[in-house]
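Everything below concerns the one structure shown next.
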Amino acid sequence: MALESFFELFFPTRPVCHLCGNLQLAEPHICASCLTRIKNWQDSKAFCRYCGRWMPKEGVCGECRAAPPLFRIARSLGPYHDPLKRAVLALKYQRRRRVARTLGRLIGEWLGKDLITARPVIVPVPMSPGRRKERGYNQAEMLAQAVADCLKLPVAECLAKTRETPAQAGLDRQERLQNLAGAFTVTAGAMVKDKEVLLVDDVLTTGATAGECARVLLLAGAARVSIAVVAASLVI
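Residue 20 is where the sequence shown starts when you use our numbering, and the numbers rise one by one after that.
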């Protein structure tokens, strides 16, 4: 039994919003305030229509105008600040793995209609073996499974990270691209050949990871690749 499940069984806590911690829930694991914020972000459409990063208004960011990404589109629930940032950090560093179920369900419910035009396979962004061993789990896999459960789609864990890469934090887009070059490989091309792929991760910062994963998936025969994340950065 997982430690988190053990404590919940013998020391049950009051249900709280998985995004902000509010005790007043509008539906399982999420409060009315957080639902309203997600709705407002989605209604605003204030993001780049290609990379999905958030901007003052709807349009195409300068980087995507100069060099359109290899993936079809990327979408997020909202910008990478609270309450989404709080939820992502809790999932990644506080071992609150149940948060993945809520975030994945929200991705499926709010983003599915924009991202899915056929019946795609869901592919999580992989971690290196060393980092996965250190953390004990890959949060992208948990999110991908929750998205798949919501949308009734299959998961294909066919991407692998073949080497450790230095931390991406603090690197600009070009440095991230260089950092990730050749870091991913497709381990089972038959799972994506001629299929639409929905790649799932927690955060999209510059799009470098999404772009490199899309590149190797397309080389393996994927028809096209779309990206779904919990949160995306702001275009600076």
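Here a beta-carbon is modelled for each residue, glycine too, at the ideal position from N, C-alpha and C.
From a predicted model like this one, the values you see are computed outputs, not experimental measurements.
Open item on the list: According to DSSP, is L38 part of a helix, a strand, or is it coil?
Closed with: On the sequence shown, position 19 is the one that residue 38 refers to. Here L38 sits in coil by DSSP.
TODO: Might you give, ordered along the chain, the residues of its own chain that have their beta carbon closer than 6 Å to the beta carbon of D17, omitting 5 neighbours on each side?
DONE: This structure cannot settle anything about residue 17, because the visible part of the chain is limited to 20 through 255.
- [ ] Closer than 7 Å by C-beta to T204: which residues in its own chain qualify, once you throw out the five before and the five after it? Chain order, please.
- [x] Position 185 of the sequence shown, counting from 1, holds the residue named residue 204. If we look at T204 and ignore the five residues flanking it on each side, its Cβ neighbours are A179, T181, V235.
Open item on the list: Spatial neighbours of V254 within its chain, please: C-beta separation below 6 Å, excluding the five flanking residues on both sides.
Closed with: Mapped onto the sequence shown, residue 254 falls at position 235. Cβ contact annotation for V254 (same chain, cutoff 6 Å, sequence separation greater than five): R72, M74, C80, in chain order.
Task: Spatial neighbours of L172 in its chain, beta-carbon cut-off 6 Å, leaving aside the 5 residues before and after - done: The sequence position of residue 172 within the sequence shown is 153, counting from 1. So the list reads I141, once near-sequence residues are dropped.
Task: Extent of the continuous beta strand (DSSP E) to which L130 belongs - done: By 1-based counting over the sequence shown, the position of residue 130 is 111. Taken as a continuous stretch (DSSP letters only), L130 belongs to no beta strand (DSSP E), being part of the alpha helix (DSSP H) at 118 to 134.
TODO: Just mark K64 as buried or exposed, buried being the case when its beta carbon has 16 or more other beta carbons within 10 Å.
DONE: For the purposes of this step, residue 64 is taken as residue 45 along the sequence shown, with counting starting at 1. Per the 10 Å Cβ criterion, exposed.
- [ ] Have a look at R150 and A93 and give me their C-alpha separation to the nearest angstrom.
- [x] Taking the sequence shown and counting its residues from 1, the one referred to as residue 150 is at position 131. Taking the sequence shown and counting its residues from 1, the one referred to as residue 93 is at position 74. A straight-line Cα-Cα distance of about 25 Å links R150 and A93.
Task: Length of the line joining the Cα atoms of E128 and N198 - done: Counted from its first residue, the sequence shown places residue 128 at position 109. Counted from its first residue, the sequence shown places residue 198 at position 179. E128 and N198: Cα-Cα distance of roughly 33 Å.
TODO: Rounded to whole angstroms, what's the CA-CA distance from I246 to Q164? Just pull it up for me.
DONE: Locating residue 246 in the sequence shown gives position 227, where the first residue counts as 1. Locating residue 164 in the sequence shown gives position 145, where the first residue counts as 1. Distance from the CA atom of I246 to the CA atom of Q164, rounded to whole angstroms, is 15 Å.
Open item on the list: Suppose contacts are defined by Cβ-Cβ distances below 8 Å. Is A200 in contact with C177 by that definition?
Closed with: Here the question's residue 200 lines up with position 181 in the sequence shown. Here the question's residue 177 lines up with position 158 in the sequence shown. No.
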